[in-house]
Amino acid sequence: MSAIAPIQFPGQPPTNGGNGGFPLQRMPQELILEIMRQMDANNISLLPISSTSRLMRGLSIPIIFRVSQISCAEDALARRMMGVYRNKLILRSVQVLSIYTEGPPSSRTPGRFIQIQGPKAACGPSTPRDVMSLIGEMHNLRELRMDFRFKATLSLIRPVSRRIMDSIQYDFLSITALSFPITSDIGFIVTAFPNLKAFSFEAPLNRQLSSIDGLSDLASILGPQLASIQICKMRWEVSDFQEVQAIFPQISRLTMGGTMAFGGSPVRPRWDLQLATGHLAPMANLKVLALSDERGLASSPLDAILPVHYQASTMAKKLLPAIGFHDARSRRYDQAWRVWQNLPNLEVLYIMDRSFQGHCFVPVKDNQGQLIDVKFSDGVQKFPWPVA
21 MSAIAPIQFP GQPPTNGGNG GFPLQRMPQE LILEIMRQMD ANNISLLPIS STSRLMRGLS
81 IPIIFRVSQI SCAEDALARR MMGVYRNKLI LRSVQVLSIY TEGPPSSRTP GRFIQIQGPK
141 AACGPSTPRD VMSLIGEMHN LRELRMDFRF KATLSLIRPV SRRIMDSIQY DFLSITALSF
201 PITSDIGFIV TAFPNLKAFS FEAPLNRQLS SIDGLSDLAS ILGPQLASIQ ICKMRWEVSD
261 FQEVQAIFPQ ISRLTMGGTM AFGGSPVRPR WDLQLATGHL APMANLKVLA LSDERGLASS
321 PLDAILPVHY QASTMAKKLL PAIGFHDARS RRYDQAWRVW QNLPNLEVLY IMDRSFQGHC
381 FVPVKDNQGQ LIDVKFSDGV QKFPWPVA
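Per my numbering, the sequence shown runs over residues 21 to 408.
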């Protein structure tokens, strides 16, 4: 976790002790905290205020570190965690923790997106223990996101899984949302996280969801308590929609991210969400659905070539991004309408791109509650995943 550096914005308190700035530190602490909460709710950074005095820093830390991330090379993870472990105030403040690591270049598959530069080796054998120790000290932790990349199965994923299974010294009762880098068996999750309400995992390619040991047990044991499921998969087939409905019939919020690759010919498949979401119709409790807008195309060298009339016209090239935007918006409207034909009780639909950014749609109904249209919504809607 990187050190906090003060950032000076116009109108923010100066970092030299307060001369010329509004004397916020002279107010009652309850009022200061309320001001900080309002700033945080409106996405106004608290870092400039936190650097003005020891009092401001102490009051702002619980808000600043409520949602925290450790993002580093795998071999640097133990060192980064130790810096957090020594600060008891930060440990008490963290409610959402995301740990993202990347392994050394030798373990990376060509074509993967690389965000971390400089990993030289896998982590040491004591790092999984350090991960568990850090999490165990965060007594207010509500959501845990673990994302270990580039063949970290042997160095991190399996050792962390074993420590969760074998240890009785850690208490995970406060954790209600978990993102876990799935391997082959997740049966231990039900025992370790009995209060889980939201679960996110990455499904293996070319394998049925039902082949994941422990997944069906997780769904059946947690039952109606499990409200949100997020599944990332590189390639979705229609049969996967059938399995999602069969394994998680009771959930109310569902995210399916990845490439939709079904329908049409093997050379250039096309996807139809009306066909696929028809298999989700038995999910009577489903209220919020997020689906990927990525379409699977065959890796043909001709795919990247634009039509001749685009290449011949400079003006058309300039207009191409705008044409693409309107085509995408129109296509998503059509897809949204088709989804609601299968899921009339759905309240919110997100159609996303690969980065989980996308359009939000809501239904338009008449006085009798019958669906008459769908519309794009830029307002605050229900989210498919818990929002801290």
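Backbone N, C-alpha and C define an ideal beta-carbon position, used for all residues, glycine too.
Coil, strand or helix - tyrosine 190 by DSSP: Assigned with DSSP and collapsed to three states, tyrosine 190 falls in coil, not helix or strand.
Quick one: residues in its chain with C-beta nearer than 7 Å to the C-beta of arginine 183, no 5 flanking neighbours on either side, listed in chain order? Pro148, Arg149, Met152
What three-state label does DSSP hand proline 201 in the structure shown? coil
CB contact flag (serine 199, serine 220, <8 Å): yes
Is the beta carbon of threonine 279 closer than 8 Å to that of arginine 5? Any answer about residue 5 is impossible in this case: the structure gives the chain only from 21 up to 408.
Determine the DSSP secondary structure at aspartate 167, reduced to helix, strand or coil. strand
What did DSSP end up calling leucine 391 once you bin it into helix, strand or coil? strand
Would you mind stating whether histidine 299 and glutamine 355 have Cβ atoms separated by less than 8 Å? At least 8 Å separates the beta-carbon of histidine 299 from that of glutamine 355.
Using the Cβ count rule (16 or more neighbours within 10 Å means buried), how would you classify alanine 61? exposed
Since proline 404 and leucine 391 should fall inside the 8 Å C-beta cutoff, what is the C-beta to C-beta distance between them, to a whole number of angstroms? About 20 Å separates the Cβ atoms of proline 404 and leucine 391, ruling out a contact at the 8 Å cut-off.
Buried or exposed by the 16-neighbour rule on C-beta atoms within 10 Å, applied to methionine 76: buried
Quick one: using the 10 Å Cβ neighbour count with 16 as the cut-off for buried, is leucine 311 buried or exposed? Buried, since its Cβ has 16 or more Cβ neighbours within 10 Å.
Is there contact between the stretch 53-67 and the stretch 98-114, where contact requires at least three CB pairs shorter than 8 Å? no
Look at the Cβ atom of glutamine 115, then the Cβ atom of arginine 162, and state whether they are nearer than 8 Å. yes
Hey, out of Ile249, Pro244, Leu117, whose CA is closest to isoleucine 195's CA? Leu117
Nearest-angstrom beta carbon gap, isoleucine 232 and isoleucine 249 [assumed within contact, 8 Å]: Incorrect: roughly 13 Å between the Cβ atoms, too far for contact.
Is DSSP giving phenylalanine 381 helix, strand or coil here? strand
Taking leucine 238 as the reference, which of Thr211, Ile251, Trp360, Gln228 has the closest Cα? Thr211
CB of methionine 185 within 8 Å of CB of phenylalanine 208, strictly: yes
Could you give the C-beta distance for isoleucine 202 and arginine 165, rounded to a whole number, given that I count them as a contact under 8 Å? So it is not a contact: roughly 13 Å between Cβ atoms.
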